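> For the sequence shown, the UniProt record's numbering assigns the number 1 to the initial residue and increments by one for each residue that follows. The beta-carbon is built from N, C-alpha and C at its ideal position, and this holds for glycine as well. Just so we're clear, the structure is a prediction, and the values are computed from it rather than from any experiment.
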Amino acid sequence: MHPRDELKPIARKDWPALRDLFKKDWPKHEIGYNTIQNYINWVAIDPKIKSLEVLGLNDNWRENGTFIVVDRFHLYMHSLDDSGDSLKRALLLLDWDYSYMIVSAQESKRPVIQEVLRMCDVDVLWEVESSMKYELPVEECLKLELNLPEGLHLKKLGVEHAVIANQVWPWRHEGSEYFMKRLAAWNISIGLFNESDEMLAWSFVWPTGAIGPLEVAKAHLRKGYGTLIAKAIAKEVAKNGMNCYGTIVSGNDASVAMFVKLGFERVEDTYYVRTRAKKLVEYDH
């Protein structure tokens, strides 16, 4: 860390310029692009979002494309600096007394993040060793054929559906219900329902632009509903001009097989880690 380094908020008026830096080598940096676009969208919906900052190192984000989004306890980060130096210096300035979940960081930055956690004596609650990003280009998403069985219909999810989805999400945690509610209300989301309006399957879109959680109700497994909802969310994402991609934890062979069958290809890996708080905090697990 340099003595004069400072972690500074990037003004909202500059977020479009920050976003556009990630058009370079498209779609290599689409997660960075889509993350900033997500928060441009969200502050248009709610200009007073609590506990949200987009931070850069000093005022050099135009040169290195390095940012950290702090959204409550979630951290989203991206950088065009291949050396990782600017991201490392920025991360060293965070207050690691708090518990954070680092979401979909570039796999190439994993060593940098791990080094910072060691330097700051941060304990890790859990770490995803391999999170594989599978992607289908926008033009291929639009070609997907979607035929619903009789009696079933699709519709956008509401906050009431987010509550149900969170209850069965294997990765649920303190604060995740509100997270899911925002995804349902503010982002693309879709559910598969029967004539009784029972939710059979569902999918959201994360702030990173990745689809998920994509799940099927336990009572309705092995009916092909996962494939139906994957096609449906892919087409919705594509209508907004985005490639469709999701991250799959290594070992989830069923999800890999489903995505591969639909034409998705593994393009890169991303990194997730949750840190332990060093004091009493609002979100700690």
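My parser needs the beta strand (DSSP E) runs of 3 or more residues fully inside the stretch 122 to 174; what are they?
Listed in chain order, the complete beta strand (DSSP E) runs (minimum 3 residues) inside the stretch 122 to 174 are 124 to 136 and 153 to 155.
> Excluding five sequence neighbours on each side, which residues of the same chain lie with their C-beta closer than 6 Å to the C-beta of arginine 110?
Cβ within range, chain order: Tyr271.
> According to DSSP, is proline 3 part of a helix, a strand, or is it coil?
The answer is coil: DSSP assigns proline 3 none of H, G, I, E or B.
> Apart from the five residues on each side of it in sequence, which residues of its chain come closer than 6 Å, Cβ to Cβ, to tryptophan 169?
Contacts found: Pro213.
> Under 8 Å Cβ to Cβ from lysine 13, same chain only, skipping five residues before and after it: list those, please.
Nothing meets the Cβ criterion.
> Tell me the start and end of each unbroken alpha helix (DSSP H) in the UniProt domain "N-acetyltransferase" (152 to 282) that is at least 4 residues and wholly inside, in chain order.
Whole alpha helix (DSSP H) segments, 4+ residues: 159 to 168, 176 to 186, 225 to 239 and 253 to 261.
> Using 8 Å for Cβ pairs, my map puts proline 240 next to isoleucine 190. What's the rounded Cβ distance?
According to the sequence as given, residue 240 is asparagine; it is not proline. Not confirmed; about 12 Å, so no contact.
> Between valine 112 and tyrosine 98, what straight-line distance do the alpha-carbon atoms span, to the nearest angstrom?
Near 19 Å, if we compare the C-alpha coordinates of tyrosine 98 and valine 112.
> Taking 6 Å as the limit between beta carbons, can you name the residues of its chain near phenylalanine 204, skipping five residues before and five after?
Excluding sequence neighbours, phenylalanine 204 sits near Leu183 and Ser189.
> Using the C-alpha atoms, what's the distance from glutamate 127 back to asparagine 252?
So the two alpha carbons sit approximately 16 Å from each other.
> Quick check: what's the CA-CA separation for glutamate 107 versus aspartate 269?
Spanning the two alpha carbons is a distance of roughly 6 Å.
> Can you tell me which of the three DSSP states isoleucine 45 falls into?
It is helical.
> List in chain order: all unbroken beta strand (DSSP E) runs of 3+ residues lying wholly within the stretch 31 to 87.
For the stretch 31 to 87, whole beta strand (DSSP E) runs of length 3 or above, ordered along the chain, are 52 to 57, 67 to 71 and 74 to 78.
> Exposed or buried, which one is methionine 77 when buried takes at least 16 other CB atoms within 10 Å?
Buried, by the Cβ-count rule.
> Could you tell me the alpha carbon to alpha carbon distance between alanine 277 and aspartate 284, rounded to whole angstroms?
Between alanine 277 and aspartate 284, the C-alpha separation is close to 6 Å.
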